[in-house]
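Asker: Taken in sequence, the protein lines are chains A and B. Per my numbering, residue 33 is the first one in the first sequence, and the count goes up by one each step. Per my numbering, residue 181 is the first one in the second sequence, and the count goes up by one each step. First, the structure itself, so that you have it in front of you.
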Amino acid sequence: MLQLTKKAKRIALVIIVAIASIVSIGMLQPKERIKVATTTSLSDTGLWEYLEPFFEQRYDVKLDIIPVGTGIAFEYGKRGDVDVLVVHDEARELQFVAEGYAIERIPFVYNYFLIVGPPDDPAHIRGLNSEDAFKKLLEEGIKSPRQVRFVSRGDGSGTHVKEKALWKAAGFDYNTVQKAGKWYIETGLGGMGATLLIASQMGAYTLTDIGTFLVYRKRGLDLVPIIEEETPILLNVYSILVVNPQKHPHVKLEVVNKFVQFLTSIEIQELIEAYGADDYGGRLFIPFVNGSQSAANLERGGENWLK
Amino acid sequence: MAEIERGVIQAVHLLVSLDREVIEISARSLWISGISCLLSSLICLPLASLIHFHNFRGKRVLINIIQTFFSLPTVLVGLFVFVLFSRTGPLGELGILFTPTAMVIGQVILVSPLLLGLTISALSGVSREVVDTAISLGADSFQVIWLVLKEARYAVLAAVIMGFGRAISEVGCAIMVGGNIKGFTRTITTAISLETSKGELELSIALGIILLLVALIINVALNRLQQR
Numbered sequence: 033m034l035q036l037t038k039k040a041k042r043i044a045l046v047i048i049v050a051i052a053s054i055v056s057i058g059m060l061q062p063k064e065r066i067k068v069a070t071t072t073s074l075s076d077t078g079l080w081e082y083l084e085p086f087f088e089q090r091y092d093v094k095l096d097i098i099p100v101g102t103g104i105a106f107e108y109g110k111r112g113d114v115d116v117l118v119v120h121d122e123a124r125e126l127q128f129v130a131e132g133y134a135i136e137r138i139p140f141v142y143n144y145f146l147i148v149g150p151p152d153d154p155a156h157i158r159g160l161n162s163e164d165a166f167k168k169l170l171e172e173g174i175k176s177p178r179q180v181r182f183v184s185r186g187d188g189s190g191t192h193v194k195e196k197a198l199w200k201a202a203g204f205d206y207n208t209v210q211k212a213g214k215w216y217i218e219t220g221l222g223g224m225g226a227t228l229l230i231a232s233q234m235g236a237y238t239l240t241d242i243g244t245f246l247v248y249r250k251r252g253l254d255l256v257p258i259i260e261e262e263t264p265i266l267l268n269v270y271s272i273l274v275v276n277p278q279k280h281p282h283v284k285l286e287v288v289n290k291f292v293q294f295l296t297s298i299e300i301q302e303l304i305e306a307y308g309a310d311d312y313g314g315r316l317f318i319p320f321v322n323g324s325q326s327a328a329n330l331e332r333g334g335e336n337w338l339k
Numbered sequence: 181m182a183e184i185e186r187g188v189i190q191a192v193h194l195l196v197s198l199d200r201e202v203i204e205i206s207a208r209s210l211w212i213s214g215i216s217c218l219l220s221s222l223i224c225l226p227l228a229s230l231i232h233f234h235n236f237r238g239k240r241v242l243i244n245i246i247q248t249f250f251s252l253p254t255v256l257v258g259l260f261v262f263v264l265f266s267r268t269g270p271l272g273e274l275g276i277l278f279t280p281t282a283m284v285i286g287q288v289i290l291v292s293p294l295l296l297g298l299t300i301s302a303l304s305g306v307s308r309e310v311v312d313t314a315i316s317l318g319a320d321s322f323q324v325i326w327l328v329l330k331e332a333r334y335a336v337l338a339a340v341i342m343g344f345g346r347a348i349s350e351v352g353c354a355i356m357v358g359g360n361i362k363g364f365t366r367t368i369t370t371a372i373s374l375e376t377s378k379g380e381l382e383l384s385i386a387l388g389i390i391l392l393l394v395a396l397i398i399n400v401a402l403n404r405l406q407q408r
């Protein structure tokens with residue numbers, strides 16, 4: 033049997049030093065950076081890619097944008113793995129603040145959800161309000177699951193939460209919807225854009241925010257808006273949540289404050305409002321700060337609807 | 181299928197025009213997987229030798245366990261590394277989640293069983309006489325290990341290449357612990373995943389082709405090295 037010699041020990045030492053140095057290289061980050069967990073609809077529309085350079089230039093801070101669903105974003109925030117969240121699920125946002133995980137919730141842009149589907153509208157829901165449309169979708173889906181299908185995000189994202197609220201408003205328990213048959217398809221992965229692509233391939237209906245829909249329509253979708261109404265229940269508000277530095281002392285509050293100021297500044301709000309309007313044939317996001325009164329009112333209305 | 185054709189054309193275009201982002205992403209993939217593979221080799225080659233040269237109780241069981249870990253799902257490693265380095269986790273203080281460092285650690289965990297198991301197999305192929313002769317000539321254990329590794333170098337190199345292949349091609353762990361941050365932790369595979377979800381199929385196919393090209397260059401280089 034062989035024994036460890038000095039040389040072998042020396043090699044072991046070299047390995048340990050190598051690992052330690054690699055780890056420290058990772059921590060020696062030249063620039064200050066903050067981590068932002070964000071809903072996929074904001075990154076799928078390219079908004080972050082557009083805004084990032086403006087922020088980085090002005091403040092000399094690198095934005096680490098982590099595109100995930102709203103569900104997992106809350107988990108990152110709870111654990112303190114990110115400094116700030118940008119999400120769209122009002123009920124959970126308020127709860128998140130109430131539980132002390134975030135110190136502030138700042139709504140900064142909004143748009144509306146819409147129900148999109150195949151151009152021939154096989155369930156004949158065009159012209160209905162969203163509650164009746166969902167009722168009819170379920171009925172027709174059960175009746176003829178080959179023609180009428182609905183693709184759900186199924187991932188706990190803000191859009192998924194909204195979809196559940198719509199089923200509830202239509203008078204259904206979500207569990208029964210999930211078990212109602214093959215017409216109801218849960219994708220569970222890939223974000224809003226991927227879900228639109230799947231729905232388009234399957235000739236199915238789905239719920240989407242207008243921003244992502246407009247961007248993906250340009251890339252080629254066999255889907256058209258079926259229900260498009262600017263009612264409180266279809267309101268979609270994106271908010272910034274600042275992770276509580278008392279729970280997680282490493283949160284860079286100073287930089288996060290700059291980030292909040294940046295996103296809510298008139299200048300950037302105007303940029304957001306103009307973003308994509310020419311390219312995609314419609315406004316993707318509507319600023320909250322400028323003329324925020326009506327939006328704030330609508331949101332309060334939305335809150336009542338949810339209850 | 182027209183996407184594939186357009187993807188190939190786009191790959192050529194991206195390569196010829198030296199697209200900055202593509203080069204940056206490819207270099208990052210290569211760097212992260214290369215470092216992972218190197219670190220894993222530094223750990224596993226000596227460790228494999230130790231296991232090979234020692235007879236102890238449970239050796240077969242240990243080898244079975246190592247081989248079982250060949251099937252380690254990448255997302256499971258990702259989840260493990262995430263929980264480990266998450267701020268509320270045991271190593272959260274380091275603050276390395278969503279950095280390339282975390283990705284390297286994940287890939288080392290992913291690749292190590294493969295390197296370990298395949299190196300042990302490679303060493304088993306070396307005749308016992310070589311060892312006996314070396315010992316009788318007064319070689320110390322380090323020299324013996326070095327000699328045997330050299331004897332088995334073809335099979336060992338094949339193991340390293342395989343490990344590198346597993347590292348550069350995985351996406352589950354990279355996306356979970358790296359976060360797919362543009363310009364920081366985005367690699368070829370996580371970019372493919374993102375671009376596909378965006379419906380940019382041609383770009384995804386082009387990136388896939390570039391990944392294979394990178395792998396080809398690495399393999400040719402390593403094989404050259406081996407033939408010397």
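Beta carbons: idealized from backbone N, C-alpha and C, even for Gly.
State the Cα-Cα distance for the pair R366 (chain B) and A282 (chain B), rounded to the nearest angstrom.
Answerer: What you label residue 366 (chain B) is simply residue 186 of the second sequence in a count that begins at 1. What you label residue 282 (chain B) is simply residue 102 of the second sequence in a count that begins at 1. Going from the Cα of R366 (chain B) to the Cα of A282 (chain B) covers about 13 Å.
Asker: In the structure shown, what three-state DSSP assignment does D241 (chain A) receive?
Answerer: Residue numbering aside, residue 241 (chain A) sits at position 209 when the first sequence is read from its first letter. Of the three classes helix, strand and coil, the one that applies to D241 (chain A) here is strand, per DSSP.
Asker: Please classify I397 (chain B): is it buried, with 16 or more other beta-carbons within 10 angstroms of its beta-carbon, or exposed?
Answerer: Here residue 397 (chain B) refers to the residue found at position 217 of the second sequence. Exposed: under 16 other Cβ atoms inside 10 Å.
Asker: In whole angstroms, what is the alpha-carbon distance linking L393 (chain B) and R42 (chain A)?
Answerer: Here residue 393 (chain B) refers to the residue found at position 213 when the second sequence is read from its first residue. Here residue 42 (chain A) refers to the residue found at position 10 when the first sequence is read from its first residue. So the alpha carbons of these two residues sit roughly 37 Å apart.
Asker: Take L256 (chain B) as the anchor and find which of B:S307, B:G214, B:L218 and B:G286 has the nearest alpha-carbon.
Answerer: By 1-based counting over the second sequence, the position of residue 256 (chain B) is 76. Cα-wise, what sits closest to L256 (chain B) is B:G286.
Asker: According to DSSP, is D92 (chain A) helix, strand or coil?
Answerer: Position 60 of the first sequence holds residue 92 (chain A). Coil.
Asker: Alpha carbon to alpha carbon, what distance is there between F262 (chain B) and G308 (chain A)?
Answerer: Here residue 308 (chain A) refers to the residue found at position 276 of the first sequence. Here residue 262 (chain B) refers to the residue found at position 82 of the second sequence. The alpha-carbon atoms of G308 (chain A) and F262 (chain B) are separated by roughly 35 Å.
Asker: For chain A, find out if any of its Cβ atoms is closer than 8 Å to the Cβ of T268 (chain B); answer yes or no.
Answerer: Taking the second sequence and counting its residues from 1, the one referred to as residue 268 (chain B) is at position 88. Yes, its Cβ sits closer than 8 Å to a Cβ of chain A.
Asker: Starting from the C-beta of L296 (chain B), find all residues in its chain whose C-beta is less than 8 Å away, skip the five residues before and the five after it, and write them out in chain order.
Answerer: To locate residue 296 (chain B), count along the second sequence from 1; it is residue 116. Excluding sequence neighbours, L296 (chain B) sits near C224, L227, A228, I231 and I246.
Asker: Mark H280 (chain A) as exposed unless 16 or more other C-beta atoms lie within 10 angstroms of its C-beta, in which case mark it buried.
Answerer: As a first step, residue 280 (chain A) is located in the first sequence; it is residue number 248 there, counting from the start. Burial call: buried.
Asker: Suppose the cutoff is 6 Å on Cβ atoms and the five residues either side in sequence are ignored; what does the same chain contact list for I325 (chain B) look like?
Answerer: Locating residue 325 (chain B) in the second sequence gives position 145, counting from the first residue. Same-chain partners within the cutoff: S229.
Asker: Identify, in the order they occur along the chain, each residue of the same chain with its Cβ nearer than 6 Å to the Cβ of I98 (chain A), setting aside the five sequence neighbours on each side.
Answerer: As a working note, residue 98 (chain A) is residue 66 in the first sequence. Excluding residues within five positions, the ones whose Cβ falls inside 6 Å are A69.
Asker: Give the residues of chain A in contact with I361 (chain B), contact being defined as C-beta atoms less than 7 Å apart.
Answerer: Here residue 361 (chain B) corresponds to residue number 181 of the second sequence, with the count starting at 1. Here the neighbours are D96, I97 and I98.
Asker: Contact check, S220 (chain B) vs V328 (chain B) under 8 Å by CB: the rounded distance?
Answerer: Start at 1 with the first residue of the second sequence, and residue 220 (chain B) comes out as number 40. Start at 1 with the first residue of the second sequence, and residue 328 (chain B) comes out as number 148. With a Cβ gap of about 19 Å, S220 (chain B) and V328 (chain B) do not count as contacting.
Asker: Keeping to the same chain, check which residues put their C-beta closer than 6 Å to that of V129 (chain A); ignore five residues upstream and five downstream.
Answerer: Against the first sequence, residue 129 (chain A) aligns to sequence position 97. Result list for V129 (chain A): R137, in chain order.
Asker: Compare the beta carbon distance of E375 (chain B) and Q190 (chain B) with 8 Å and say whether it is the shorter of the two.
Answerer: The count along the second sequence starts at 1 and reaches residue 375 (chain B) at position 195. The count along the second sequence starts at 1 and reaches residue 190 (chain B) at position 10. No, the Cβ-Cβ distance between E375 (chain B) and Q190 (chain B) is not below 8 Å.
Asker: Mind checking E350 (chain B): buried by the 16 CB within 10 Å criterion, or exposed?
Answerer: If you number the second sequence from 1, residue 350 (chain B) lands on position 170. E350 (chain B) is buried by the Cβ-count criterion.
Asker: Which word fits P85 (chain A), buried or exposed, when buried means at least 16 other C-beta atoms lie within 10 angstroms of its C-beta?
Answerer: Stepping through the first sequence from its first residue, residue 85 (chain A) is reached at position 53. With fewer than 16 Cβ atoms within 10 Å of its Cβ, P85 (chain A) is classed as exposed.
Asker: Between A:V46, A:S189, A:D113 and A:F145, which lies nearest to V4 (chain A) when the distance is taken from Cα to Cα?
Answerer: There is simply no residue 4 (chain A) to check, as chain A begins at 33 and stops at 339 in what is shown.
Asker: Going along the chain, which residues of its own chain have a beta-carbon closer than 8 Å to the beta-carbon of E64 (chain A), five neighbours each way excluded?
Answerer: Taking the first sequence and counting its residues from 1, the one referred to as residue 64 (chain A) is at position 32. Excluding sequence neighbours, E64 (chain A) sits near D92, V93, K94, K284 and V287.
Asker: Going along the chain, which residues of its own chain have a beta-carbon closer than 7 Å to the beta-carbon of G359 (chain B), five neighbours each way excluded?
Answerer: By 1-based counting over the second sequence, the position of residue 359 (chain B) is 179. Taken in chain order, the residues that qualify are F278 and T365.
Asker: Per DSSP, E136 (chain A) forms a beta bridge with which residues?
Answerer: Position 104 of the first sequence holds residue 136 (chain A). DSSP lists A:V274 as partners of E136 (chain A).
Asker: Please list, in chain order, all residues of the same chain as T299 (chain B) whose beta carbon is under 7 Å from its beta carbon, the five residues on each side excluded.
Answerer: Locating residue 299 (chain B) in the second sequence gives position 119, where the first residue counts as 1. These residues qualify, in order along the chain: C224, L225, A228, V336 and A339.
Asker: Closer than 8 Å, Cβ to Cβ, to anything on chain A: give me those residues from the region 378 to 394 of chain B, in chain order.
Answerer: Those residues of the region 378 to 394 of chain B that come within reach of chain A (Cβ to Cβ, closer than 8 Å) are K378, G379 and E380.
Asker: Helix, strand or coil: how does DSSP classify E350 (chain B) here?
Answerer: Here residue 350 (chain B) corresponds to residue number 170 of the second sequence, with the count starting at 1. Here E350 (chain B) sits in coil by DSSP.
Asker: Which of the three DSSP states, helix, strand or coil, is assigned to G305 (chain B)?
Answerer: Along the second sequence, read from residue 1 onward, the residue named residue 305 (chain B) stands at position 125. Looking at G305 (chain B) - three-state DSSP - the assignment turns out to be coil, as it is neither helix nor strand.
Asker: Comparing C-alpha positions only, which one of A:Y82, A:L169, A:I272 and A:K200 sits nearest to Y216 (chain A)?
Answerer: Numbered from its first residue, the first sequence carries residue 216 (chain A) at position 184. Minimum Cα distance to Y216 (chain A) is reached at A:L169.
Asker: Cβ closer than 8 Å: which chain B residues qualify as neighbours of L273 (chain A)?
Answerer: What you label residue 273 (chain A) is simply residue 241 of the first sequence in a count that begins at 1. The contacting residues do not exist; L273 (chain A) stays about 16 Å from chain B at best.
Asker: For the region 268 to 280 of chain A against the region 148 to 155 of chain A, do three or more pairs of beta-carbon atoms, one drawn from each stretch, fall closer than 8 Å, so that the two count as touching?
Answerer: No, they do not touch.
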